[in-house]
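Enquirer:
In the working numbering, the protein residues as written are 771 to 1279.
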């Protein structure tokens, strides 16, 4: 494709040099540049792509897209734009032929529930014999191809490339988990959505966003700007009306919308919700009738995710049978209230809960499932992330858990002990008892909290301390198969560690 054709529809551009050059590909990382590549210089959190234009030229870049051109080599055509990320999104969509126009595209956003909702939608679609792809937190997958997900919402170029691969492989429907970072960094610009799903809004990512209002605006931007800015004629919003932000957003949208909830009679609303260790059940009323829903997913909060998936499926014409079968056949979601099976009468769950709200919901689900035992929680908080939620999460666990083990998550560049101390503030504010290892010996009915910096040791202590009837929640990392210590990324999977701890404790019996 010629550069002049690639940039033809771009507004507010200035071209220096002859744009009649052939473009073989697009790159936003200089190491990915080959001969004939258009290099788009982006401002990052820590680096400036403009500082790598010389390397891009050395590697054969045919043209550059920049937001500043002072000091930039002009031996190849320059395209000067006001926003490099917006330009990358538009250029990528054009280069790959706007693949989202040839499929049905669903965007799921919200603080919690995106991944489970996307899995539910995928399961319903597959039960309806639709070819479905997913771009999400756990992985990017379609037609048996599974790619690791370095981030929830990939860069705009990667989204358009993956969508093109999906379309060429016969995929008709795609679900994208849309993070606030993805919206703010223009990663889903130039995507044409058929359906947008809003799950909920609670505190998170204040290490990135200036405040909750800015975080909220990023979530809402998908519905107020990106979806109506697309060219899909029958666009639809599916919104949680029990969430205050969702309710406010609902009243501001002028295109088609479906609401769902438990506490009000929305377009889709649930009652008679029951939760057990075997899953959730509910009676769900819709404009098309009433369904009795059975799901193996544990946690009554999953009814919200189920209703979000139902609203999406109904908007796109899926049958009642496909909806019910899709919900019932999804047995689990990796790292989302994932049960670790064992024959020791211990109920053990690994969950991604890494916000105060998600952690509270998980614990509120598990507390009633106790019979005679305790609720034991292993928790940590990520380093170089929102520090304000650390004592909040500690307070939630202090209030709802019987025995708590504070440990490391992904400390990154922060000292793990410092993060643990900030979590501990939530326990001390609730006058929770600080314990030592010897307090846990002998099988006493001990309650309180203990600090164990090594996450593997923390999980082993939880398993070693537990007795039949106890429930253990290992929270924070969920599906992740790594731990970030400083600048090292080491293999670590909570689920694997739980199984090893069980084997270590009970191998002799």
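C-beta: ideal position from N, C-alpha, C; glycine also.
A quick note: this is a predicted structure, and the numbers were derived from the prediction, not measured.
1. Please give me, in chain order, every unbroken run of the beta strand (DSSP E) with length at least 3 that falls completely inside the segment 1132-1176.
2. How close, in whole Å, do the beta carbons of residue 1086 and residue 911 come, if the pair is a contact with beta carbons under 8 Å?
3. Whether or not the segment 1135-1151 and the segment 1251-1260 are in contact is what I'm after, with contact meaning three or more pairs of Cβ atoms, one per stretch, closer than 8 Å; do they touch?
4. For the beta strand (DSSP E) containing residue 1101, list its first residue and its last residue.
5. Which residue comes first and which comes last in the alpha helix (DSSP H) that contains residue 988?
6. Below 8 Å, can you find three or more Cβ-Cβ pairs linking the segment 1085-1101 to the segment 1220-1235?
7. Leaving out the 5 sequence neighbours to the left and right, which residues in its chain are closer than 6 Å to residue 805 when beta-carbon positions are compared?
8. Between which two residues does the alpha helix (DSSP H) holding residue 889 run?
9. Just how far apart, CA to CA, sit residue 1004 and residue 1063?
10. Determine whether the beta carbon atoms of residue 832 and residue 793 lie at a separation below 8 Å.
11. Between the Cα of residue 798 and the Cα atoms of 1276, 809, 1149, which residue gives the shortest distance?
12. Specify whether the segment 1075-1082 and the segment 1001-1020 touch according to this definition: at least 3 beta carbon pairs, one from each stretch, less than 8 Å apart.
13. Exposed or buried, what is residue 930 when buried is set at 16 or more other beta-carbons lying within 10 Å of its beta-carbon?
14. Who does residue 1113 pair with in a DSSP beta bridge?
15. Among the residues of its own chain, which have a CB less than 8 Å from the CB of residue 972, if the five just before and after it don't count?
16. With DSSP as the reference, label residue 860 as helix, strand or coil.
17. So, under 8 Å CB-CB, residue 992 and residue 948 are touching, yes? Tell me the CB distance rounded to an integer number of Å.
18. Tell me which residues share the same chain as residue 1054 and place their Cβ nearer than 6 Å to its Cβ, disregarding the 5 neighbours each side in the sequence.
19. Out of 1083, 1273, 1215, which has the shortest C-alpha to C-alpha gap to residue 894?
20. Nearest by alpha-carbon distance to residue 872: which of 1093, 1235, 962 is it?
21. Out of 1014, 937, 1025, state which residue places its alpha-carbon closest to the alpha-carbon of residue 996.
22. Does the beta-carbon of residue 1047 have 16 or more other beta-carbons within 10 angstroms, so that it is buried, or is it exposed?
23. Within the 8 Å Cβ cut-off, does residue 880 reach chain C?
24. Among residues of its own chain, excluding the 5 on either side of residue 859, which ones have a beta-carbon nearer than 6 Å to its beta-carbon?
25. Which of helix, strand or coil does DSSP assign to residue 1092?
26. With three or more beta-carbon pairs closer than 8 Å as the criterion, would you say the segment 1107-1115 touches the segment 898-910?
27. Specify, as a first and last residue, the run of the alpha helix (DSSP H) that residue 823 falls within.
Expert: So, from the listed chains and residues:
1. The segment 1132-1176 contains these whole beta strand (DSSP E) runs: 1145-1149, 1173-1176.
2. With 8 Å as the limit, residue 1086 and residue 911 do not qualify as a contact, their Cβ atoms being about 19 Å apart.
3. They do not touch, by the three-pair rule.
4. Boundaries cannot be given for residue 1101, as no beta strand (DSSP E) includes it and DSSP labels it neither H nor E.
5. That run of the alpha helix (DSSP H) goes 982-991.
6. Touching, no.
7. Here the set comprises 830.
8. Segment 884-897, the alpha helix (DSSP H) holding residue 889.
9. About 28 Å.
10. In this structure, residue 793 lies closer than 8 Å to residue 832 by Cβ.
11. Looking at the Cα atoms, 809 is the closest of the given residues.
12. Segments in contact, yes.
13. Its Cβ being crowded by 16 or more others within 10 Å, residue 930 is buried.
14. Residue 1113 has no beta-bridge partner at all, per DSSP.
15. For residue 972, same chain residues with a beta-carbon under 8 Å away, outside a window of 5 residues either side, are 881, 882, 1125, 1126, 1127, 1128 in chain order.
16. When DSSP states are grouped into helix, strand and coil, residue 860 belongs to the helix group.
17. Sure, about 6 Å apart at Cβ, within 8 Å.
18. Once the five neighbours on either side are set aside, the close Cβ partners of residue 1054 are 1040, 1061, 1063.
19. For the residues 1083, 1273, 1215, the minimum Cα distance to residue 894 belongs to 1083.
20. Of the candidates 1093, 1235, 962, the residue whose Cα lies closest to the Cα of residue 872 is 962.
21. Residue 996 has its Cα closest to that of 1025, out of 1014, 937, 1025.
22. By the neighbour-count definition (other C-beta atoms within 10 Å, threshold 16), residue 1047 is an exposed residue.
23. Structure shown: chain C not included; a single protein chain is present.
24. 926, 956, 959, 960.
25. DSSP places residue 1092 in helix when its eight states are reduced to three.
26. No, the segment 1107-1115 does not touch the segment 898-910.
27. Where residue 823 is concerned, the enclosing alpha helix (DSSP H) stretches over 823-828.
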